[in-house]
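*Asks:* Before I ask anything, let me first share the structure, which is written out below as structure tokens.
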DNA sequence: CGTCCACGTCTAC
DNA sequence: TAGACCTGGACGG
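Shown next, in the form of structure tokens:
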């Protein structure tokens with residue numbers, strides 16, 4: 004969930020659900036959370052939210068009353084407090100009754116009703132954080148969705164920054180310049196323009212102007228290939244705008260998909276999945292970037308494609324071997340200089356294309372990926388995603404295609420209800 | 001049961 | 001530029 008669009012949808016969710024709701028008492032934190040306590044308590048306060056790139060800011064506003072002195076004396080807030088949150092890999096908001104508190108609700112705001120309801124920041128993996136009395140993180144750039152002009156200007160004017168020496172797909176994750184872009188967005192954006200992911204960012208970006216010449220807010224019309232015909236090869240990509248503009252418009256498309264894209268309650272990610280054209284899609288290729296993140300793309304990977312294998316798997320494998328290596332020469336032998344090459348078995352890269360034994364039933368499922376990886380083993384060659392229908396097939400062999408076990412593995416929030 | 005993978009930062013050799 | 005930080009779902013055995 005959490006890339007720029009989801010963070011923004013989260014702020015919309017808070018504003019919608021909490022409009023007119025009066026909250027009361029202290030803000031509560033789960034026992035297990037390592038994020039700071041939120042020292043705010045108030046007899047009656049309101050909650051609103053805004054977003055910027057990959058951050059959300061909650062504003063707690065005490066409601067007027069005449070007993071200000073008393074309140075202050077009682078340790079109650081009389082001033083608004085901002086809390087800035089980052090969502091990590093799994094954060095989101097829910098507004099529920101107290102007895103429906105989601106698991107992993109690490110920060111909670113209680114309404115004054117009876118029975119009361121609770122606005123929760125839910126974050127299973129706890130990679131998310133919050134900062135009481137916080138401000139937008141200084142090192143993050145302008146929001147790609149709502150500060151488009153300054154975002155664009157900043158990138159164009161700082162192209163000499165060595166940050167742009169790296170492959171474009173990696174630079175797109177640099178929040179100093181692309182605040183709001185995440186792993187699925189970088190794949191979708193580069194795919195739309197057919198830009199090889201591992202081309203130096205500067206090469207891709209130089210020549211672009213600060214002014215967006217295509218500045219007439221015309222909806223980016225993109226042909227979404229008929230999902231049924233699978234074979235997402237339908238090449239009708241006629242995108243409007245340059246890379247920087249798509250860093251703005253593509254995320255906004257996700258926002259326009261609406262709440263169902265976000266609200267885990269709806270458990271309905273089908274629209275979002277249908278919207279995806281590249282990320283995790285069948286027929287696409289994926290390889291690990293220099294930071295170990297999976298880059299999805301199609302076609303030419305570009306000249307700066309990572310040489311050494313650094314998939315989590317490869318790493319783990321290497322580690323394992325080390326553990327079982329009693330020869331004591333680890334440090335010397337492969338200590339570090341040659342890091343991971345170990346068995347660069349590089350099978351013929353032609354191994355890339357997996358026999359297509361399955362006709363797509365329905366794009367979806369992230370399943371089979373591991374299988375592919377399996378095949379590639381130590382190979383650095385890109386892997387194209389193969390059908391996973393086989394997966395559903397397999398597990399529910401009794402039930403072939405009909406109700407296709409379309410539980411869409413990932414993308415499906417752990418709510419499904 | 002175990003392994004691999006995930007929409008993201010952080011910080012420590 | 002590796003790990004670290006976490007939980008849980010999908011799969012494989």
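In this note's numbering, the protein residues as written are 4 to 420.
In this text, a Cβ means the ideal position worked out from N, Cα and C, and glycines have one as well.
To the nearest angstrom, report how far apart residue 136 and residue 60 are at their CA atoms.
*Replies:* Roughly 10 Å between the two C-alpha positions.
*Asks:* Over what stretch of residues does the alpha helix (DSSP H) that includes residue 112 continue unbroken?
*Replies:* Counting along the chain, residue 112 falls outside any alpha helix (DSSP H), though it belongs to the beta strand (DSSP E) covering 108 to 113.
*Asks:* Among the residues of its own chain, which have a CB less than 6 Å from the CB of residue 436, if the five just before and after it don't count?
*Replies:* No statement about residue 436 is possible, as the shown extent of the chain runs from 4 to 420 and does not include it.
*Asks:* Tell me the residue span of the alpha helix (DSSP H) that contains residue 45.
*Replies:* Here residue 45 belongs to no alpha helix (DSSP H); instead the beta strand (DSSP E) covers 44 to 55.
*Asks:* State yes or no: is the C-beta of residue 144 within less than 7 Å of the C-beta of residue 180?
*Replies:* Cβ distance < 7 Å, so residue 144 and residue 180 count as in contact.
*Asks:* Which one of 297, 296, 288, 147 has the shortest CA to CA distance from residue 303?
*Replies:* Comparing Cα-Cα distances from residue 303 to each of 297, 296, 288, 147, the minimum goes to 288.
*Asks:* Compute the Euclidean distance between the alpha carbons of residue 170 and residue 298, then round it to the nearest angstrom.
*Replies:* Between residue 170 and residue 298, the C-alpha separation is close to 11 Å.
*Asks:* Find the nearest neighbour of residue 114 within the set 163, 305, 28, 82, judged by alpha-carbon distance.
*Replies:* Ranking 163, 305, 28, 82 by Cα distance to residue 114 puts 28 first.
*Asks:* From residue 62 to residue 285, what distance separates their C-alpha atoms?
*Replies:* In a straight line, the C-alpha of residue 62 is about 42 Å away from that of residue 285.
*Asks:* Less than 7 Å between the beta carbons of residue 196 and residue 162, yes or no?
*Replies:* Cβ atoms of residue 196 and residue 162: not closer than 7 Å.
*Asks:* Using the DSSP secondary-structure output, state which residues sit across from residue 261 in a beta bridge.
*Replies:* DSSP lists no partner for residue 261.
*Asks:* So which of 175, 39, 149 has the shortest CA-CA distance to residue 294?
*Replies:* Looking at the Cα atoms, 175 is the closest of the given residues.
*Asks:* By Cβ distance, which residues of its chain are closer than 8 Å to residue 53, with the 5 residues on each side in sequence left out?
*Replies:* Within the same chain, residue 53 has close Cβ partners 14, 59, 60, 62.
*Asks:* Among the candidates 116, 139, 190, 155, whose CA atom is the shortest distance from the CA of residue 89?
*Replies:* It is 139.
*Asks:* I'd like to confirm the pairing. Which residues does DSSP put opposite residue 217 in its beta bridges?
*Replies:* Paired residue(s): none; residue 217 is not in a bridge.
*Asks:* My understanding is that residue 124 touches residue 109, with C-beta atoms under 8 Å, so please give their C-beta distance in whole angstroms.
*Replies:* About 6 Å; that satisfies the 8 Å criterion.
*Asks:* For the segment 65 to 139, list the beta strand (DSSP E) runs that are entirely contained and at least 3 residues long, ordered along the chain.
*Replies:* Whole beta strand (DSSP E) segments, 3+ residues: 84 to 89, 94 to 100, 108 to 113, 120 to 126, 132 to 135.
*Asks:* Can you name, in chain order, every residue of its own chain whose Cβ lies under 8 Å from the Cβ of residue 57, other than the five neighbours on each side?
*Replies:* Within the same chain, residue 57 has close Cβ partners 5, 6, 7, 10, 89, 90, 143, 178, 182, 183, 185.
*Asks:* Label residue 199 either buried or exposed according to how many other C-beta atoms from any shown protein chain fall within 10 Å of its C-beta, with 16 as the threshold for buried.
*Replies:* By the 10 Å Cβ count, residue 199 comes out buried.
*Asks:* In angstroms, rounded to a whole number, what distance separates the CA positions of residue 346 and residue 168?
*Replies:* For residue 346, the pLDDT reaches just 27, beneath the cut-off of 50, and the residue's location in the model is therefore unreliable, leaving the point undetermined.
*Asks:* Return the bridge partner residues of residue 2 from the DSSP annotation.
*Replies:* The question about residue 2 has no answer, for the chain in this structure spans 4 to 420.
*Asks:* In the DSSP output, which residue or residues are listed as bridge partners for residue 60?
*Replies:* Looking at the DSSP assignment, residue 60 forms a beta bridge with 53, 87.
*Asks:* So, using beta-carbon positions, are residue 172 and residue 55 closer together than 7 Å?
*Replies:* No, the pair does not count as a contact, with Cβ atoms beyond the cut-off.
*Asks:* Starting from the C-beta of residue 81, find all residues in its chain whose C-beta is less than 6 Å away, skip the five residues before and the five after it, and write them out in chain order.
*Replies:* Around residue 81: 65, 71, 74, 75.
*Asks:* Roughly how many angstroms separate the alpha carbons of residue 106 and residue 306, rounded to a whole number?
*Replies:* If you take the alpha carbons of residue 106 and residue 306, they lie about 45 Å apart.
*Asks:* Mind checking who residue 26 pairs with in its DSSP beta bridge?
*Replies:* Residue 26 pairs with 48, 114.
*Asks:* Since residue 146 sits in a beta bridge, which residues does DSSP pair it with?
*Replies:* In DSSP, residue 146 forms a bridge with 182.
*Asks:* Taking the alpha-carbon of residue 51 as reference, which of 43, 44, 32, 18 has the nearest alpha-carbon?
*Replies:* Of 43, 44, 32, 18, the residue nearest in Cα terms is 18.
*Asks:* Run the CB neighbour count on residue 16, radius 10 Å, all protein chains shown included, and call it buried at 16 or more, exposed below.
*Replies:* Buried is the call here.
*Asks:* Take the Cβ of residue 130 as the centre, count every other Cβ of all protein chains shown within 10 Å, and call the residue buried at 16 or more, exposed below.
*Replies:* Exposed, by the Cβ-count rule.
*Asks:* Run through the DSSP bridge pairs and tell me what residue 170 is partnered with.
*Replies:* The partner list for residue 170 (beta bridge, DSSP) reads 203.
*Asks:* Whole angstroms are fine: how far does the CA of residue 300 sit from the CA of residue 103?
*Replies:* If you take the alpha carbons of residue 103 and residue 300, they lie about 40 Å apart.
*Asks:* What residues in its chain sit with their C-beta under 7 Å from that of residue 100, if we drop five residues either side in the sequence?
*Replies:* Once the five neighbours on either side are set aside, the close Cβ partners of residue 100 are 118, 120.
*Asks:* Could you tell me how far apart the beta carbons of residue 250 and residue 191 are, in whole angstroms, since I believe they sit closer than 8 Å?
*Replies:* Not a contact, Cβ separation roughly 10 Å.
*Asks:* Cβ atoms of residue 257 and residue 211: under 7 Å apart, would you say?
*Replies:* Not closer than 7 Å, so no.
*Asks:* Pull up the distance between the alpha-carbon of residue 203 and that of residue 193, whole angstroms please.
*Replies:* Cα to Cα, the separation comes out at about 13 Å.
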